[in-house]
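Since the structure comes first, as C-alpha cells, the remarks are kept for the end.
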Amino acid sequence: MNTEIESKRKELASLCVQYRVRRLEIFGSATGDAFDPDRSDLDFLVEFEAMLPSEHAHCYFSLLEALEALFSRPVDLVEIPAIQNPYFLADIESTRVTLYAA
C-alpha cells in the first residue's frame with residue numbers, strides 16, 4: 001500500500017464521515033509498485049449512504065475536491081454502479097483495497 005495513503009487514514013475517515021461515505025476503497029497503481037509519486041493520480045471507489053440526488057451531488061463533488069486537496073494530486077472518484085465495462089471492473093477487483101467502511 002502507498003505510504004502517502006497510509007499516512008492520511010485519519011483524515012480520510014474524517015472526510016468519509018463528513019460526506020456520508022459508507023465505503024471508500026483505493027484501486028489501481030496506488031495499491032502496488034507501479035505508483036509514480038511524480039505522475040500518478042489516485043483512483044478511489046466510493047459508496048455513499050442513501051440520500052437525495054441533490055445531497056448526493058454535493059457530497060460527491062465535495063469529496064472529490066477534498067481528496068485532491070488532501071493528496072495534492074488528481075483523483076478519480078468512481079461509483080461501482082457506474083462501471084459498465086466488465087474488463088474494467090475485473091481490473092478494479094484485482095487491486096481494490098478498503099480504506100474506510102462505516
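Under the numbering used here, the sequence shown has 99 at position 99, and the numbering climbs by one with no breaks.
Even glycine gets a Cβ: it sits at the ideal position worked out from N, Cα and C.
Fair warning: this is a prediction, and the values are worked out from it, not measured in the lab.
- Message: On the DSSP letters alone, give me the boundaries of the alpha helix (DSSP H) that ALA66 sits inside.
- Response: 53-71
- Answer with buried or exposed for GLY32, where buried requires no fewer than 16 other C-beta atoms within 10 angstroms of its C-beta. exposed
- Item | Nearest to ALA82 (by Cα), restricted to the options GLU47, GLU11, GLU6, VAL17 | GLU47
- Taking VAL78 as the reference, which of LEU52, LEU45, THR95 has the closest Cα? LEU45
- Applying the criterion that 16 or more other CB atoms from any shown protein chain within 10 Å of the CB defines a buried residue, is ASP43 buried or exposed? buried
- Message: Quick check on ALA13: does DSSP put it in helix, strand or coil?
- Response: helix
- Sequence-distant residues of the same chain with beta carbon closer than 7 Å to LYS10, five excluded per side: none
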